[in-house]
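Colleague:
Protein chains: 2
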Amino acid sequence: MVIVQMISKLKVGKIQVIKVLVNISTATFIHAGLNTIAMILAIVSMVAVFEYHNARNIPNMYSLHSWIGLTAVIFYSLQLLLGFAVFLLPFAAVPLRAALMPIHIYSGLLIFATVIASALMGITEKLIFSLKNPAYSTSPPEAIFVNCLGLLIVIFGALVLWMASRPHWKRPPEELPKVPRRSGGTPEGTEAESTMTDCSNADKSDVGFSSEAARKRNLKLDEAGQRSTM
Amino acid sequence: MVIVQMISKLKVGKIQVIKVLVNISTATFIHAGLNTIAMILAIVSMVAVFEYHNARNIPNMYSLHSWIGLTAVIFYSLQLLLGFAVFLLPFAAVPLRAALMPIHIYSGLLIFATVIASALMGITEKLIFSLKNPAYSTSPPEAIFVNCLGLLIVIFGALVLWMASRPHWKRPPEELPKVPRRSGGTPEGTEAESTMTDCSNADKSDVGFSSEAARKRNLKLDEAGQRSTM
Chain A
1 MVIVQMISKL
11 KVGKIQVIKV
21 LVNISTATFI
31 HAGLNTIAMI
41 LAIVSMVAVF
51 EYHNARNIPN
61 MYSLHSWIGL
71 TAVIFYSLQL
81 LLGFAVFLLP
91 FAAVPLRAAL
101 MPIHIYSGLL
111 IFATVIASAL
121 MGITEKLIFS
131 LKNPAYSTSP
141 PEAIFVNCLG
151 LLIVIFGALV
161 LWMASRPHWK
171 RPPEELPKVP
181 RRSGGTPEGT
191 EAESTMTDCS
201 NADKSDVGFS
211 SEAARKRNLK
221 LDEAGQRSTM
Chain B
1 MVIVQMISKL
11 KVGKIQVIKV
21 LVNISTATFI
31 HAGLNTIAMI
41 LAIVSMVAVF
51 EYHNARNIPN
61 MYSLHSWIGL
71 TAVIFYSLQL
81 LLGFAVFLLP
91 FAAVPLRAAL
101 MPIHIYSGLL
111 IFATVIASAL
121 MGITEKLIFS
131 LKNPAYSTSP
141 PEAIFVNCLG
151 LLIVIFGALV
161 LWMASRPHWK
171 RPPEELPKVP
181 RRSGGTPEGT
191 EAESTMTDCS
201 NADKSDVGFS
211 SEAARKRNLK
221 LDEAGQRSTM
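As they're listed, the protein sequences go chains A and B.
Each residue of the first sequence is one higher than the one before, counting from 1 in the UniProt record's numbering.
Each residue of the second sequence is one higher than the one before, counting from 1 in the UniProt record's numbering.
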């Protein structure tokens, strides 16, 4: 597995500054790349919806579907931006990465579930508006077909959430980069007191700043499963 | 905290039969009781929907909302029955309880999320059908009001899922009943080789049957967070 090493500054209190190598794995890049593609597709589809509404003189943003859908897209873009800033760029300190990881995972799963709910509401709207003769309420074949599509979307969502929430289906520890302690060594581009650590393993590696309170907090973060599913 | 002790039979292989005391806490009874009340309310509301449809000659079970809603209610009743049979009644063996707990937790959260999605679809349907003059698409005050209700339901769901998925918000270990090892003791109503164990802590207590494979599996069950949120 290709590992890209990035240098991150870690500031504790007002005095101590440690430079930390953060290993970013191929999986993380694939995760970020796929989500960027999904974001682009979401923007294209949003433009299509607004242009379709404008062309047919249908008001924009009146339905609950549109409110929840737009909210999900806004939170998704925030999630993407925050993910880039904190987990891909080399500026965020390791404790910040560790603290934000459980929120990042929860937000990702919540946005995914909200998008599925929004899709189901959109399907409901479309069936009511489009099936007029025969009406949706008479259960024509189109209605049955699209209802089945809706059920399949629910099953898809359930499977993804099951996979994403199984801790033993996460990337196993042996695939994670090894974390050798170094004291005083100066490997490529780092200064004294540097230590290599995978950001997702931040709580397990002693990076020289852990008070008892911080240790407990880190243990809690560990319990909270801050290691990404990717 | 009041603890009700129940005797459970544990069968390993074909020969060994161990009787195990399973501690069922007040929290578990409250959890079961509240869900039973919710199930009764769900059945009452289902009957109301069908009677309303029949009285107004509206076809039943044609919409995606009804399909997903009924599926959720069916799975909810199965979840409740299975919960009673496995976690409340004293017949299920401890390994079975431990194996089913992560599935029980996942199903509970999934059914909860599905019910929220179903409610949002129901709200969408109702707004389209009921708001005619002025129409839903002209955003009358009722539309804004009910859209806000929908958003509040999403926020409610997000908060509940956040609370339920935080491991450190689970019942802390010190509130769990203590698990003293006993070998050969015969406390109230149990036979030789009995051991007291909380079903939710099954993986942590050695109940005298753990091979290396079982130990590893139990560790995995522990990782999977099989301890109930209640």
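Here a beta-carbon is modelled for each residue, glycine too, at the ideal position from N, C-alpha and C.
Note that the coordinates shown come from a computational prediction; the quantities given were computed from them, not determined experimentally.
1. Closer than 7 Å between beta carbons: that is the criterion. Which residues of the stretch 96-113 of chain A meet it against chain B?
2. Within 8 Å, do at least three Cβ pairs link the stretch 114-124 of chain A to the stretch 114-123 of chain B?
3. Around the C-beta of P141 (chain A), are 16 or more other C-beta atoms found within 10 angstroms, so that it is buried, or is it exposed?
4. Where does S25 (chain B) sit, in a helix, a strand or coil, going by DSSP?
5. Just the Cα atoms here: how many angstroms apart are L34 (chain B) and I58 (chain A)?
6. Please classify L89 (chain B) as buried or exposed, where buried requires at least 16 other C-beta atoms within 10 Å of its C-beta.
7. Starting from A135 (chain B), follow its DSSP beta bridges and name the residues at the other end.
8. For A92 (chain A), which residues in the same chain have their Cβ closer than 6 Å to its Cβ, ignoring the five residues on either side in sequence?
9. Y62 (chain A) versus chain B: which residues are under 7 Å apart at the beta carbon?
10. May I ask you to verify whether the stretch 68-82 of chain A touches the stretch 106-117 of chain A, counting CB pairs closer than 8 Å and requiring at least 3?
11. If you measure from the CB of L34 (chain A), is any heavy atom of the ligand ATP nearer than 8 Å?
12. Whole angstroms is fine: what's the gap from F145 (chain A)'s alpha carbon to M39 (chain B)'s?
13. Given a cut-off of 9 Å on the beta-carbon distance, is the pair I103 (chain A) and F129 (chain B) in contact?
14. If I measure Cβ to Cβ from G208 (chain B) and keep anything under 6 Å in the same chain, skipping five residues before and after, which residues do I get?
15. Going by the beta-carbon positions, is the gap between L78 (chain B) and L100 (chain B) smaller than 9 Å?
16. State the Cα-Cα distance for the pair L149 (chain B) and F156 (chain B), rounded to the nearest angstrom.
17. Does Y52 (chain B) pass the burial test, meaning 16 or more other C-beta atoms within 10 Å, or should it be called exposed?
18. Do you know how far the Cα of V154 (chain B) is from the Cα of residue 233 (chain A)?
19. Under 9 Å, Cβ to Cβ, is there at least one residue of chain B near I24 (chain A)?
20. Is F129 (chain B) close to chain A? Criterion is C-beta to C-beta, closer than 9 Å.
21. Distance, Cα to Cα, T190 (chain B) vs A27 (chain B)?
22. Fully enclosed by the stretch 55-108 of chain B, which beta strand (DSSP E) runs are 3 residues long or longer?
23. For a contact defined as C-beta to C-beta under 7 Å, what are the partners of S165 (chain B) on chain A?
24. Applying a beta-carbon distance threshold of less than 7 Å, which residues of chain A neighbour H65 (chain B)?
25. Is there a C-beta anywhere in chain A that falls below 9 Å from the one on A158 (chain B)?
26. For a test of the three-state rule: what should DSSP assign to K170 (chain B), helix, strand or coil?
27. Nearest CA to the CA of A164 (chain B): which residue from B:V94, B:A55, B:Y106?
28. Just confirm the distance between the C-beta atoms of L161 (chain A) and L80 (chain A), as a whole number of angstroms; I'd bet it's less than 8 Å.
29. Just verifying my parser: in three-state terms, what is the DSSP assignment at P140 (chain B)?
30. Taking only beta carbons into account, state which residues of the stretch 144-155 of chain B come closer than 8 Å to chain A, listed in chain order.
31. Does the distance from the CB of N147 (chain B) to the CB of W169 (chain A) come in under 9 Å?
32. For chain B, find out if any of its Cβ atoms is closer than 9 Å to the Cβ of L70 (chain A); answer yes or no.
Modeller: Taking the coordinates as given:
1. Y106, L110, A113
2. yes
3. exposed
4. strand
5. 44 Å
6. exposed
7. B:K132
8. V86
9. Y136, S137, S139, A143
10. yes
11. Only the bare structure without any ligand can be found here, which leaves the ligand ATP out of the picture.
12. 30 Å
13. no
14. Only weak support exists for where G208 (chain B) lies, its pLDDT of 36 falling under 50; the value from the coordinates is given anyway. Excluding sequence neighbours, G208 (chain B) sits near nothing in its chain.
15. no
16. 10 Å
17. exposed
18. With chain A covering only 1 through 230, there is no way to say anything about residue 233 (chain A).
19. no
20. yes
21. A caution first: T190 (chain B) carries a pLDDT of 36, below 50, which makes its placement in the model unreliable, though a value can still be read off. The straight-line gap from Cα to Cα measures roughly 24 Å.
22. none
23. Y106
24. T124
25. yes
26. coil
27. B:Y106
28. Incorrect: roughly 20 Å between the Cβ atoms, too far for contact.
29. coil
30. V146, N147, G150, L151, V154
31. no
32. no
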